[in-house]
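Taken in sequence, the protein lines are chains G and C.
Counting with the numbering used here, you get residues 2 to 110 for the letters of the first sequence.
Counting with the numbering used here, you get residues 294 to 409 for the letters of the second sequence.
A virtual CB, placed ideally from N, CA and C, is assigned to each residue, including glycine.
Just below is one structure, and these are the notes that go with it.
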Amino acid sequence: GQQVMQIPQYQHVQEGEDFTTYCNSSTTLSNIQWYKQRPGGHPVFLIQLVKSGEVKKQKRLTFQFGEAKKNSSLHITATQTTDVGTYFCAGSGNTPLVFGKGTRLSVIA
Amino acid sequence: DTGVSQDPRHKITKRGQNVTFRCDPISEHNRLYWYRQTLGQGPEFLTYFQNEAQLEKSRLLSDRFSAERPKGSFSTLEIQRTEQGDSAMYLCASSLGAGSRDQPQHFGDGTRLSIL
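The following block contains the structure:
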């Protein structure tokens, strides 16, 4: 079945440093979504990418969907302590959303 | 927007007991999803409804699990004869569904199940 893999599993950064998490699917996706889960919280929707090669920005966050629609990335510029949490990608092909294991981001002030 | 609510927040039970969880989605959302999440993992899809119809169920889902959404509003997830491995956070999410494209999902706070 469809699998979605994320790397790295953990990332510790100094406040102000950049952060990137990568997502790869075993199959071509129709769309990909990104969610953020704060410690003790529930996943919160960030963005959805649909088109091949699509790039979307939300303030310091940049999301990219690969040309082959099998990979995606999330880049955070100049991290802040409020960015702490686990970032999940979730891909949809012919099945309901399949979530990756997430990248847990820690930001050291 | 009252959000997705789940009840109870925590459930502790002995192995072999039955448990039932409830999810109230955002009122105008026609799709409702159940997920299971364990520590260090992403949400794992269990099943989803469009209105009252259960459209898909994970192949990994044991026959001990059953879900209903009788009037297309709230949903219940029942686990019969609970086992240690059922200990997890059970998350409910809802969305507006149109066609085959997934829409953004809004999650509840979850029900944490602990099996003694």
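C-beta neighbour in chain C for residue i, strict 7 Å
i, result
"L98 (chain G)", "yes"
"K102 (chain G)", "yes"
"S93 (chain G)", "yes"
"P40 (chain G)", "no"
Neighbourhood of residue i by C-beta, 8 Å cutoff - its chain only, sequence neighbours within 5 removed
i, result
"V5 (chain G)", "C24, N25, S26, S27, C90, A91, G92, V99, F100 and G101"
"N311 (chain C)", "E371, I372, Q373, R374 and T375"
"R329 (chain C)", "P336, E337, L339, A381, M382, Y383 and L384"
Per-residue contacts from residue i into chain G (C-beta, under 8 Å)
i, result
"H399 (chain C)", "F46"
"G390 (chain C)", "Within 8 Å Cβ-Cβ: nothing; G390 (chain C) doesn't reach chain G, min ~10 Å."
Residue-level contact to chain G via CB, residue i, 7 Å cutoff
i, result
"Q383 (chain C)", "In the sequence as displayed, the identity of residue 383 (chain C) is Tyr instead of Gln. Not closer than 7 Å to any Cβ of chain G, the Cβ of Y383 (chain C) fails to qualify, so no."
"Q347 (chain C)", "no"
"G403 (chain C)", "yes"
Neighbouring residues, chain G, relative to residue i (Cβ below 7 Å)
i, result
"D356 (chain C)", "Correct list: empty, because the minimum Cβ distance to chain G is about 19 Å."
"P336 (chain C)", "P44 and F100"
Identity of the residue in the options nearest residue i by Cα
i, options, result
"F64 (chain G)", "G:S107, G:I33, G:T96 and G:T104", "G:I33"
"W35 (chain G)", "G:Y88, G:T104 and G:G94", "G:Y88"
"K60 (chain G)", "G:E68, G:F66, G:G67 and G:I48", "G:I48"
"L325 (chain C)", "C:S298, C:L406, C:I305 and C:G333", "C:S298"
"D178 (chain G)", "G:K71, G:V51, G:F66 and G:D84", "Only positions 2 to 110 of chain G appear in this structure, which leaves residue 178 (chain G) out of reach."
"H13 (chain G)", "G:G94, G:N95 and G:G86", "G:G86"
Beta-carbon proximity list for residue i, same chain, < 7 Å, skipping 5 on both sides
i, result
"A110 (chain G)", "E16 and T82"
"Q377 (chain C)", "R308 and I408"
Under 9 Å from the C-beta of residue i: neighbouring residues of chain G
i, result
"D395 (chain C)", "S31, N32, Q34, Q49, A91, S93, P97 and L98"
heavy atom of the ligand MN below 6 Å from residue i C-beta
i, result
"C24 (chain G)", "No copy of the ligand MN occurs in the structure displayed, which carries no ligand at all."
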